[in-house]
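Enquirer: Could you have a look at this structure, given as structure tokens, before my questions?
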Amino acid sequence: MHWETGRLSEVTVLFADCRGYTRLTHELGIERLAPITEQFFKTSAEIIRDHHGIVDQLLGDAIMALFNVPIKHDDHVHRAVSAAFRIQEGVDHINAKLDGGIALGVGIGIATGTALATNMGSTSCNDYTMVGDSINIASRLQGKAATGEILVTDAAYKSISAAFPGAVRVEYLVKGISHPIAAHRLPRGPSATT
């Protein structure tokens with residue numbers, strides 16, 4: 035796979051973050067929590083690849099994925115949303131195998147927009163990634179999503195609105211952006227990933 039730097043591309047970004055991770059670390063200890071976290075990352079990465087996305091970064095207890103780069107797909111928003119629902123289902127399966135009282139929760143934010151492919155860092159340590167408002171907004175929406183929720187921006191929702199007529203429109207003030215961000219809370223259900 036070849037990624038060109040300095041090129042603007044339309045991208046759909048998915049951020050999925052484990053909820054209550056610090057609390058779980060204190061309750062379980064990192065030795066017991068690490069395999070659960072590893073299973074979350076493994077499950078999520080498989081799902082993302084199955085939907086033709088790429089895992090861009092693992093960030094502590096969160097995962098960042100990109101869709102529509104470097105290979106273009108007209109239905110990249112649908113792919114990201116479908117992956118998000120499958121990740122939530124994957125978390126449900128992980129939780130079903132855990133001891134009673136222990137549950138991993140995940141909130142997901144998705145944004146679509148233009149981003150720039152770039153190498154970030156220094157000559158001794160750099161990372162190929164995408165930067166832009168859509169990346170930041172997806173991250174901020176993920177921070178607003180409650181356990182089990184999937185929030186998508188207006189731009190992303192336009193591509194999938196027919197499949198989710200029951201989505202609830204919400205607005206959030208987020209750090210670094212002077213105006214409210216409109217998003218849609220997608221309902222979970224049997225038709226969610228079709």
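Under my numbering, the sequence shown has 127 at position 93, and the numbering climbs by one with no breaks.
In this text, a Cβ means the ideal position worked out from N, Cα and C, and glycines have one as well.
Quick one: what's F101 bridged to in DSSP?
Expert: Looking at the DSSP assignment, F101 forms a beta bridge with T46 and G87.
Enquirer: So A145 packs on S43, CB below 8 Å; how close in whole Å?
Expert: About 14 Å; that fails the 8 Å criterion.
Enquirer: Just the Cα atoms here: how many angstroms apart are A196 and D133?
Expert: 39 Å
Enquirer: Leaving aside the five residues before and after E205 along the sequence, list all residues of the same chain whose C-beta is less than 8 Å from its C-beta, in chain order.
Expert: P214, I215, A216 and A217
Enquirer: Using 8 Å as the Cβ pair cut-off and three pairs as the minimum, do the stretch 95-103 and the stretch 77-85 touch?
Expert: yes
Enquirer: Within 10 angstroms of its Cβ, does V165 collect 16 or more other Cβ (buried), or is it exposed?
Expert: exposed
Enquirer: Rounded to whole angstroms, what is the Cα-Cα separation between V125 and F74?
Expert: 7 Å
Enquirer: Over the uninterrupted alpha helix (DSSP H) stretch that includes R57, give me the two end residues.
Expert: Unbroken alpha helix (DSSP H) run through R57: Y55 to L62.
Enquirer: What distance in whole Å lies between the Cβ atoms of T152 and G40, which are believed to be in contact at a cut-off of 8 Å?
Expert: 7 Å
Enquirer: Can you tell me whether DSSP reads D186 as helix, strand or coil?
Expert: Before going further, note that residue 186 is Val rather than Asp in the sequence given. For V186, the three-state secondary structure derived from DSSP is strand.
Enquirer: So what does DSSP say about V204, is it helix, strand or coil?
Expert: Three-state DSSP puts V204 in a strand.
Enquirer: Give the DSSP-derived three-state secondary structure of H112 in the structure shown.
Expert: helix
Enquirer: What are the residues that DSSP puts in a beta bridge with I144?
Expert: L48 and V186
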